[in-house]
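Heads up: the sequence shown begins at 143 in the numbering used here, then just goes up one per residue.
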Amino acid sequence: MRLNFFKICAVFFFENTISQGNCTFNSVESYAYLLFINNLADYKIVKNNSIDSVKLLFSITVVIMHGFLLDVRHPSYLTGLLTNGFFITAVPFYFIVSGYLFYKTIIKCHVKKWYVHIIRTYLIWSTVYAYTLLNIIQLTDASPSRKFYLILRAELTGVVHLWFIPSLITASLLCYFLRGIIEQKTKVVIVIIALIWLLGVALNWRLLLIHSLNCFWYKNGFLYGAPMFFLGFIFSRHETTILSRVVDFKKWITFSALLIIAESLITTSVINSLEGALVNSMDMMMTTPLLSSFVFIGCMKKPGLRILNGMERLLSTFIYYSHILFLGLILWFFSAVNLPWSNLTRDMVITGFALVLIFIIGLVFKNKVRQII
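Here it is, written out as structure tokens:
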């Protein structure tokens with residue numbers, strides 16, 4: 143009976159004290175039981191192979207997008223289903239996963255360690271992609287001070303696809319300082335982040351219709367990252383409730399997939415009707431948060447999906463960070479060889495080679511790869 147009392151106390155501290163980031167305890171037994179809960183949370187993080195497997199699949203879609211799909215002018219409706227639909231579900235899913243794990247990071251009082259790891263990773267990969275800043279250095283119509291500003295802005299917002307990390311840091315800081323409000327007024331927060339996401343979608347449409355990079359305001363930690371990151375945080379906070387609900391998520395995933403198909407067809411039709419469109423696809427869609435969320439919840443409820451013998455997490459992260467580098471290197475090689483292929487055929491072959499090469503390097507040098515991701 144006495145142990146049960148302390149278990150109740152431990153759960154109380156777990157839900158109220160720890161969620162506020164205060165790691166103090168009033169009894170040895172409550173602390174011991176809380177450690178048990180904490181270790182159980184660790185077990186779930188490590189053993190949810192479904193999340194890692196879906197991340198791996200999504201990372202492959204990102205490579206395909208950057209490899210050749212985004213270069214297709216006047217995309218067909220089938221291509222549009224990918225570039226304006228299913229494939230752009232990847233990054234929202236990544237932010238949801240990050241928010242989900244961030245809640246557990248706060249519980250374990252590892253916030254500082256988490257930020258050190260994220261910043262270290264960003265410094266490594268921003269150094270790798272420093273060559274992309276040569277385009278700024280080579281500008282002939284910009285003053286040295288202007289070039290310095292452009293380089294500084296690129297480093298702060300993320301060069302090429304590394305924009306994800308500064309956005310992740312921004313979203314996590316907002317989440318950390320607002321975590322009390324998120325936990326106490328969850329429904330209100332969900333409404334607010336939905337409105338923020340819709341604002342980002344509207345700004346994405348503005349970019350598409352106005353054809354000016356001066357309208358590129360939406361792809362950041364506030365409008366893009368925070369809504370999805372907050373959702374993941376909320377899912378983690380209410381994980382027990384979500385797992386206890388008997389809901390047919392296959393139907394919800396199917397429903398959200400049908401919605402994203404409809405929206406992608408409309409979007410592709412509009413893009414093809416525009417003359418001289420600056421971009422060929424959307425980054426933010428109204429329906430992607432639904433599909434991302436239901437796929438993620440499906441992973442929470444069915445954590446046993448494994449597609450690569452436990453290497454999914456390492457490879458998915460390595461693929462995301464490194465793929466632009468390998469695509470560029472293989473493109474340089476193919477350009478030197480000068481094969482008689484169309485640009486699309488060449489880019490498809492390059493994408494395939496890049497994926498194979500990244501997988502081989504990730505598997506053969508997995509210990510080295512872990513040090514840079």
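Glycine included, each C-beta is placed from N, C-alpha and C at the ideal position.
Computed from a prediction, not measured in an experiment: that's the story for all the values here.
Residue from the options whose Cα sits closest to the Cα of residue i
| i | options | result |
| --- | --- | --- |
| Ile238 | Tyr273, Leu433, Val301, Thr409 | Leu433 |
| Thr274 | Glu297, Ser240, His259, Trp256 | Glu297 |
| Ser516 | Asn277, Leu497, Asn414 | This structure does not reach residue 516, given that the chain is present from 143 up to 515, and the question cannot be answered. |
| Phe375 | Leu340, His353, Cys317, Gly452 | Cys317 |
| Val196 | Leu481, Met442, Phe358, Leu315 | Met442 |
| Ser415 | Leu467, Leu350, Pro482 | Leu350 |
| Ser192 | Arg448, His465, Phe468 | Arg448 |
| Cys357 | Tyr366, Val205, Trp347, Leu365 | Trp347 |
| Val253 | Phe319, Pro234, Ala284, Lys289 | Phe319 |
| Leu467 | Ala399, Arg288, Gly209 | Gly209 |
| His380 | Pro217, Tyr245, Asp194, Ser218 | Tyr245 |
| Leu304 | Phe235, Val343, Leu355, Tyr463 | Tyr463 |
| Val412 | Asp194, Met207, Tyr219 | Tyr219 |
| Leu401 | Ile293, Lys289, Pro431 | Pro431 |
| Gly470 | Thr493, Ile403, Pro234, Ser484 | Thr493 |
| Leu407 | Gln513, Gly367, Pro217 | Pro217 |
| Tyr236 | Ala399, Ala368, Trp474 | Ala368 |
| Val302 | Thr269, Val388, Arg387, Val343 | Thr269 |
| Ile338 | Val389, Leu211, Ala313, Met207 | Ala313 |
| Gly241 | Ala284, Leu212, Ile324 | Ile324 |
Opening and closing residue of the alpha helix (DSSP H) in which residue i lies
| i | result |
| --- | --- |
| His465 | 454-479 |
| Trp339 | 328-352 |
| Thr105 | Look at the range of the chain in this structure, 143 to 515, and you will see that residue 105 is not part of it. |
| Ile376 | 368-379 |
| Lys510 | 508-512 |
| Pro431 | 430-443 |
| Glu405 | 391-415 |
| Ser423 | Where Ser423 is concerned, there is no enclosing alpha helix (DSSP H), given that its DSSP letter is neither H nor E. |
| His208 | 191-209 |
Cutoff 8 Å; reference residue i; Cβ partners in own chain excluding five residues on either side
| i | result |
| --- | --- |
| Ile395 | Leu433, Phe436, Val437, Gly440 |
| Glu405 | Asn226, Gly227, Met427, Met428, Thr429 |
| Lys392 | Gly440 |
| Val214 | Thr221, Thr225, Asn422, Leu486 |
| Lys508 | Met453, Leu456 |
| Ile384 | Phe377, Ile439, Met442, Lys443 |
| Thr203 | Leu224, Phe228, Phe229, Ala232 |
| Leu177 | Since pLDDT at Leu177 reaches only 40, below the 50 mark, its modelled position is unreliable, and the value read off the structure follows with that caveat. Contacts found: none. |
| Tyr185 | For Tyr185, the predicted structure reports a pLDDT of 40, less than 50, and the residue's modelled location is therefore unreliable. A value from the coordinates is still provided. So no residue of the chain qualifies. |
| Phe481 | The question names Phe, but residue 481 is Leu in the sequence shown. Arg488. |
| Ser354 | Leu420 |
| Thr299 | Trp305, Pro308, Asn362 |
| Trp483 | Val491 |
| Phe154 | Per-residue confidence for Phe154 stands at a pLDDT of 40, beneath the threshold of 50, marking its modelled position as unreliable; the derived number appears in the next sentence. No residues qualify anywhere along the chain. |
Cβ shell of residue i (< 7 Å), same chain only, five flanking positions each side left out
| i | result |
| --- | --- |
| Leu457 | Leu198, Leu450, Phe501, Gly504 |
| Phe460 | Ile500, Gly504, Val511, Ile515 |
| Leu341 | Leu365 |
| Lys289 | Ile278, Ile279, Leu281 |
| Glu445 | With the sequence shown as reference, residue 445 is identified as Pro, and Glu is not the correct amino acid for it. Same-chain partners within the cutoff: Lys189, Asn190, Asn191, Ser192. |
| Pro234 | Met370, Thr430, Pro431, Ser434 |
| Phe495 | Ile472 |
| Asp194 | Glu454, Arg455, Ser458 |
| Cys165 | Reliability fails at Cys165, whose pLDDT of 49 lies under 50, so the model's placement of it is uncertain and the value that follows must be treated cautiously. For Cys165, where only same-chain residues beyond five positions count, the Cβ hits under 7 Å are Cys251. |
| Phe476 | Arg488, Ile492 |
Beta-carbon contacts of residue i that lie in its chain and below 6 Å, excluding the five residues immediately before and after
| i | result |
| --- | --- |
| Leu345 | Trp359, Tyr360 |
| Ile293 | Leu275, Ile278 |
| Thr409 | Asn226, Met424 |
| Trp256 | Thr247 |
Checklist entry - Hey, which unbroken runs of the alpha helix (DSSP H) at 4 residues or more fall wholly within the region 248-306? => result 253-270, 276-279, 286-299
| request: Mind the definition here: the region 329-345 touches the region 267-282 only if three or more C-beta pairs lie below 8 Å; say whether that holds. | output: no
*Do three or more CB pairs link the region 290-309 to the region 252-271 at distances below 8 Å?*
With contact defined as three or more Cβ pairs closer than 8 Å, the region 290-309 and the region 252-271 are in contact.
message: Taking 8 Å as the cut-off, does the region 332-339 touch the region 369-389 (at least 3 CB pairs, one atom from each stretch)?
response: yes
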